Amino acid sequence: MQVLLFSHHFGFAPLHLAAETFSVDMAKLLRHGASANLRTRGERVIEGLLPLHVAVENTSMHKYIEDQWADGDPVDNLIFLLCLPKMKMFLDTTRLIARHPDNIVDELWDYIDKKEVVQAAILLRAAQKQLRDPIDKNTLNGLGIVKRRIGEDLDATHREVLAMVKEGKKGKALKKLKEKDYHYNGGVPSDKSGSQSDANCLM
-8 MQVLLFSHHF GFAPLHLAAE TFSVDMAKLL RHGASANLRT RGERVIEGLL
42 PLHVAVENTS MHKYIEDQWA DGDPVDNLIF LLCLPKMKMF LDTTRLIARH
92 PDNIVDELWD YIDKKEVVQA AILLRAAQKQ LRDPIDKNTL NGLGIVKRRI
142 GEDLDATHRE VLAMVKEGKK GKALKKLKEK DYHYNGGVPS DKSGSQSDAN
192 CLM
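With our numbering applied, the sequence shown closes on residue 194, and no number is skipped along the way.
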C-alpha cells in the first residue's frame, strides 16, 4: 500500500497517471489510500502538480473545447460546452479527484490569479459542492473566500491605478483597469444560487 504514497522514479505517482488517462482505477487508488496531495517532482516532469492539476489540464486540452472556444469568447459559452454530454466523463473524473486535495479554494484561486479561464471554469464545475459547502461554521464557503480575494485584489489594483494617475500615467491606468475588468468578468465565480448555465448543466 505504501507504493501509493510515493512518486515513481519519473516524478509522478500512480494517481497522477490515473488522472492523466481518466482511468477508472482512480477510484480504486483513492479507496486504497493514494494521496491526492502528492505533487510531481524531478527533472523529468513539471514540478508541483497535484493529480487534480493533471485531470484539469487534460480536460482543458480536450479537442472539443479547443475547437469551440478561444480566449476572449464569452465565458457562458465555455460553461455551456462543459455541460455537454461528451464532456461528462472528463468532468466526472475531475470531480472525483477534486474531493480530496487539502485546499480546493487555493487551487481554484491559483487558476483565477493566473488568468487560466478554462482551467478555472473546469474546476468550478467539478468542485461545486466543496466550494458551496461552508468550510466550518465560523468561515465563508469556498466561493465566498474567492469572492473576498477578488475584492482585495481589485482594491489593490484601484490603489495602484490612483497612484499611476497622480503620476500622470492616465492612459496606462485606464488600460490596467480594463485588463482587470476583463480578467474578472471573464472568469469570476458567483456565490449566487445558480445561473441558466448551472441549471442546464449535466451533473
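All C-beta atoms, glycine included, are put in the ideal place defined by N, C-alpha and C.
Keep in mind that this is a model prediction, so the values were computed, not measured.
Report all residues from its chain with a CB closer than 6 Å to the CB of residue 86; omit the five preceding and five following residues, and keep chain order. As a working note, residue 86 is residue 95 in the sequence shown. Once the five neighbours on either side are set aside, the close Cβ partners of residue 86 are 117.
Proximity below 8 Å, CB of residue 43 to CB of residue 107: One-based indexing of the sequence shown puts residue 43 at position 52. One-based indexing of the sequence shown puts residue 107 at position 116. Their beta carbons are not under 8 Å apart, which means residue 43 does not touch residue 107 by this criterion.
Does the contact criterion of 3 or more C-beta pairs under 8 Å hold for the stretch 75 to 82 versus the stretch 34 to 43? no
Output needed for residue 139: all residues of its chain with C-beta closer than 8 Å, excluding positions within five of it in sequence on either side, in chain order. Mapped onto the sequence shown, residue 139 falls at position 148. Here the set comprises 131.
Please state the DSSP three-state secondary structure of residue 94. Position 103 of the sequence shown, counted from the first residue, corresponds to residue 94. Of the three classes helix, strand and coil, the one that applies to residue 94 here is coil, per DSSP.
Let me check understanding here. Comparing Cα to Cα, which of 27, 113, 112, 133 lies closest to residue 122? Stepping through the sequence shown from its first residue, residue 122 is reached at position 131. Residue 122 has its Cα closest to that of 133, out of 27, 113, 112, 133.
Could you pull the DSSP bridge partners for residue 5 from this structure? Sequence index remark: in the sequence shown, residue 5 carries index 14 (1-based). Paired residues: none, contrary to the question.
DSSP on residue 280, reduced to helix/strand/coil? Here the chain comprises residues numbered -8 to 194, so residue 280 is not present and cannot be evaluated.
DSSP-derived helix/strand/coil call for residue 186: Stepping through the sequence shown from its first residue, residue 186 is reached at position 195. Unreliable positioning characterises residue 186 in this predicted model, as indicated by a pLDDT of 45, which lies under 50. The coordinate reading is nonetheless provided below. Reduced to three states, the DSSP call for residue 186 is coil.
So, with DSSP's three-state summary, where would you put residue 65? Against the sequence shown, residue 65 aligns to sequence position 74. Residue 65: coil per DSSP, three-state reduction.
How would you call residue 45, buried or exposed, if buried means at least 16 neighbouring beta carbons within 10 angstroms? In the sequence shown, counting from the first residue as 1, residue 45 sits at position 54. Looking at its Cβ environment, which holds 16 or more other Cβ atoms inside 10 Å, residue 45 is buried.
Could you check the C-alpha separation between residue 22 and residue 54 for me, to the nearest Å? Sequence index remark: in the sequence shown, residue 22 carries index 31 (1-based). Sequence index remark: in the sequence shown, residue 54 carries index 63 (1-based). Approximately 31 Å between the Cα atoms of the pair.
Buried or exposed (CB count within 10 angstroms, at least 16 for buried), residue 154: One-based indexing of the sequence shown puts residue 154 at position 163. So residue 154 ends up on the exposed side.
Considering only the beta carbon of each residue, do residue 6 and residue 25 sit closer than 8 Å? Looking up residue 6 in the sequence shown gives position 15. Looking up residue 25 in the sequence shown gives position 34. Going by C-beta atoms, residue 6 is nearer than 8 Å to residue 25.
Could you tell me if residue 165 is buried or exposed, where buried requires 16 or more neighbouring beta carbons within 10 angstroms of its beta carbon? Working through the sequence shown from its first residue, we reach residue 165 at position 174. Exposed, since its Cβ has fewer than 16 Cβ neighbours within 10 Å.
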